[in-house]
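Everything below concerns the one structure shown next.
Chains as they are written, first to last, in the numbering used here: chain A, 4 to 405; chain B, 228 to 530.
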């Protein structure tokens, strides 16, 4: 590795942080409690992440986090930082930095995600392990800045890894773990760590953080499965004929097999996601007849609904999905195998998570796509409880008459 | 990367393609004063190409690659278009990511290389067509210049979208009837060199490739100034002989016909005072070094 720093485990960086094993930082290092917003948590995670370059652009609700990363650059924790001209350019600048061997972090939201979109499958295809924190927000029009998870549906088939944090605490942990999973040589893919805008980014909660005196090891671009574009390795003439626009079997087969390889790499991330996230899903009373299955803060609302229903003697369990790509297929099949009704509350109009679940488990008539709210509407636990009671009643009638 | 990094494992020597063996044996990485005259005698950094026979872009590509001052530490960024048919054959690291984002990619790349190799020069050179540079990528072209990103942008200007079949671009001449301009182009050829100058480029040149000496001089100026001072821009006429109805052998004459004193590709250079002083200083140092060399009377043939 070129550069002037000793980057081995145990070395101390210019900010006095000791470089530690990721497992130590994740699972063993002493932690202290703080009361912070999600945006502040982004800053604290990136402070400990040995990030080389971050590119920022203003869009609500991620602007504060993106600006706080700029402060880290000024403080010397991040190697380089600037404001790009729009999200399409920002994601291309992130790509350039990653092609050049840097660890790259950026953030975006809603319309910004969609403006940037052409870059995401390119990141995956070029095997760039960029970490993007997506603070989801409604997609226009009409103009809307409120939380809404619709943009995540667009990301599902880009070949990126996708995690969904429910809380600021989980955001802190996922941001740090995300780099390490994304950069594994047999994965080496971009990762979107998503949170629900405002609900997580702008609210304060108690979070438990590792000390500022330790940080992750640096990214080593020479562990990449594709060459780093720094002219430190001999260039290859990759082909005698460029595949682009050649209408022949070899070119089709090359593209097809590479796309399969990217999907294969997503699958290979499974073992790391399980290890670092402590499983792809989290179960609470999943032996119940009725389950709420979802991700993000929709689950937090579901948990309150479970409490309300328990007061009425209705027992409901919860399955929370932490990793959406790769998708916890087997885990969900197991966790839902005894459920009679599966409710999927979502903060979007389309109910994409319910579609994902329906396409995964058997007897999928058990899946109720809802309730879902959109455009920034809140989802009071009462409407989840009402939906559950309504469907229970209907299904009972169906049984009587059926 | 020095040339000594370029090796073939001896067990694999016999199965490596001949052009790769040749590249290892006689590439010009690290050769001082490499230039267009090496073409034909040394291994070129571009082997075959898949462009049309007689395409001026192909010869422009060769001159550009032959003139890079430091190919062993140069990374190129391309864009979609005819140039992306050539890049897979080019023996420097090169990136194709999307159409039009080349200057954004190069911005991130240059910063990453600066961060990772603080004590070495790693040149970044963008090479893209007029559609990529002036139409779809214009905001990123300009914003990289506003930010004073230290790399060279080369635009191969063939005055149309060639690879998609001859559509109007911002650099098409007014009045030309093309695909998507069935009544002739309604507005003037965008004055990109002037825009580059006003956007903060330290060095700008517009030329054809009819004179390889000139291409070499301009290219070296642009890369060295970008390394030290700020962004640089070169616009090179590479007529699409196919789309303007010329024969394979007529490309050179087409370029000559477009570079008269009042023509749109008359050679023009804009250079900031700072860049001018930098070039003068470099010349002085070169002369002094040459004089010192004569003074020490090194035996002939010894470098």
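No residue lacks a Cβ here, since even glycine has one placed at the ideal position from N, Cα and C.
Beta-carbon spacing of residue i, residue j below 9 angstroms
{"i": "residue 276/A", "j": "residue 338/A", "result": "no"}
{"i": "residue 208/A", "j": "residue 382/A", "result": "no"}
{"i": "residue 170/A", "j": "residue 350/A", "result": "no"}
{"i": "residue 380/B", "j": "residue 423/B", "result": "yes"}
{"i": "residue 165/A", "j": "residue 158/A", "result": "yes"}
{"i": "residue 453/B", "j": "residue 432/B", "result": "no"}
{"i": "residue 431/A", "j": "residue 228/A", "result": "There is no way to answer for residue 431/A, as the model of chain A reaches only from 4 to 405."}
{"i": "residue 282/A", "j": "residue 334/A", "result": "yes"}
{"i": "residue 203/A", "j": "residue 300/A", "result": "yes"}
{"i": "residue 386/A", "j": "residue 167/A", "result": "no"}
{"i": "residue 55/A", "j": "residue 339/B", "result": "yes"}
{"i": "residue 415/B", "j": "residue 401/B", "result": "yes"}
{"i": "residue 216/A", "j": "residue 150/A", "result": "no"}
{"i": "residue 71/A", "j": "residue 101/A", "result": "no"}
{"i": "residue 60/A", "j": "residue 115/A", "result": "yes"}
{"i": "residue 117/A", "j": "residue 81/A", "result": "no"}
{"i": "residue 21/A", "j": "residue 79/A", "result": "no"}
{"i": "residue 270/B", "j": "residue 234/A", "result": "no"}
Within-9 angstroms CB hit, residue i to chain B
{"i": "residue 55/A", "result": "yes"}
{"i": "residue 98/A", "result": "yes"}
{"i": "residue 7/A", "result": "With a pLDDT of 44 at residue 7/A, under the threshold of 50, the modelled position of this residue cannot be trusted; read the value that follows with caution. Answer yes: the Cβ-Cβ gap between residue 7/A and chain B drops below 9 angstroms somewhere."}
{"i": "residue 185/A", "result": "no"}
{"i": "residue 4/A", "result": "At residue 4/A the pLDDT is 39, less than 50, meaning the model places this residue with poor confidence and gives no usable figure here."}
{"i": "residue 404/A", "result": "Note that residue 404/A has pLDDT 48, beneath the 50 cutoff, so the model's placement of it is unreliable and no number is given."}
{"i": "residue 122/A", "result": "yes"}
{"i": "residue 254/A", "result": "no"}
{"i": "residue 93/A", "result": "yes"}
{"i": "residue 58/A", "result": "yes"}
{"i": "residue 457/A", "result": "A question about residue 457/A goes unanswered here, because the residues of chain A that appear run from 4 up to 405."}
{"i": "residue 125/A", "result": "yes"}
Extent of the continuous beta strand (DSSP E) to which residue i belongs
{"i": "residue 209/A", "result": "207-213"}
{"i": "residue 38/A", "result": "34-40"}
{"i": "residue 326/A", "result": "326-328"}
{"i": "residue 460/B", "result": "459-464"}
{"i": "residue 432/B", "result": "430-435"}
{"i": "residue 303/B", "result": "301-304"}
{"i": "residue 28/A", "result": "Neither: residue 28/A is in no beta strand (DSSP E) and is coded neither H nor E."}
{"i": "residue 498/B", "result": "495-498"}
{"i": "residue 345/A", "result": "344-346"}
Bounding residues of the alpha helix (DSSP H) (the contiguous stretch that carries residue i)
{"i": "residue 74/A", "result": "66-78"}
{"i": "residue 440/B", "result": "439-455"}
{"i": "residue 256/B", "result": "Residue 256/B -> no alpha helix (DSSP H), and no H or E assigned at all."}
{"i": "residue 311/A", "result": "300-314"}
{"i": "residue 288/B", "result": "283-294"}
{"i": "residue 373/A", "result": "It is not in any alpha helix (DSSP H) - residue 373/A carries neither H nor E in the DSSP assignment."}
{"i": "residue 263/B", "result": "From DSSP, residue 263/B is part of no alpha helix (DSSP H); its letter is neither H nor E."}
Chain A contact for residue i (CB, 9 angstroms cutoff)
{"i": "residue 334/B", "result": "yes"}
{"i": "residue 387/B", "result": "no"}
{"i": "residue 189/B", "result": "Chain B is shown only over 228 to 530; residue 189/B falls outside these bounds and no answer can be derived."}
{"i": "residue 374/B", "result": "yes"}
{"i": "residue 530/B", "result": "No answer about residue 530/B holds up, because its pLDDT of 49 lies below 50 and its placement is not dependable."}
{"i": "residue 238/B", "result": "no"}
{"i": "residue 270/B", "result": "no"}
{"i": "residue 383/B", "result": "no"}
{"i": "residue 228/B", "result": "yes"}
{"i": "residue 509/B", "result": "no"}
{"i": "residue 339/B", "result": "yes"}
{"i": "residue 299/B", "result": "yes"}
{"i": "residue 404/B", "result": "no"}
{"i": "residue 302/B", "result": "yes"}
Those runs of the alpha helix (DSSP H) which lie wholly inside the segment 340-403 of chain B and span at least 4 residues: 365-373
Report the residues of the segment 435-462 of chain B with a CB closer than 9 angstroms to any CB of chain E, ordered along the chain. Of the chains in the structure shown, none is chain E; the protein chains are A and B.
Please identify, using Cβ separations under 7 angstroms, the residues of the segment 306-335 of chain B that lie next to chain A, in order along the chain. Going along the segment 306-335 of chain B in chain order, one finds 311, 312, 315, 316, 318, 319, 320, 322, 324, 325, 328, 331, 332, 333, 334, 335 with a Cβ nearer than 7 angstroms to chain A.
Could you tell me which whole beta strand (DSSP E) segments of length 3 or greater appear in the segment 272-297 of chain A? 284-287, 293-297
Every unbroken beta strand (DSSP E) inside the segment 48-132 of chain A [3 residues or more]: 56-59, 83-86, 107-111
Residues from the segment 73-91 of chain A in contact with chain B, defined by Cβ distance under 8 angstroms: 82, 83, 85, 87, 88, 89, 91
Taking the runs of the beta strand (DSSP E) that are 3 residues or longer, which of them lie wholly in the segment 131-218 of chain A? 134-139, 164-167, 194-199, 207-213
Residues within the segment 128-154 of chain A neighbouring chain B, beta-carbon criterion of under 8 angstroms: 129
Any C-beta of chain A within less than 8 angstroms: which residues of the segment 343-372 of chain B qualify? Listed by position along the chain: 343, 344, 345, 346, 347, 349, 366, 367, 370.
Can you list, in chain order, the residues of the segment 98-115 of chain A whose Cβ is nearer than 8 angstroms to any Cβ on chain B? 98, 99, 100, 101, 102, 103, 104, 105, 107
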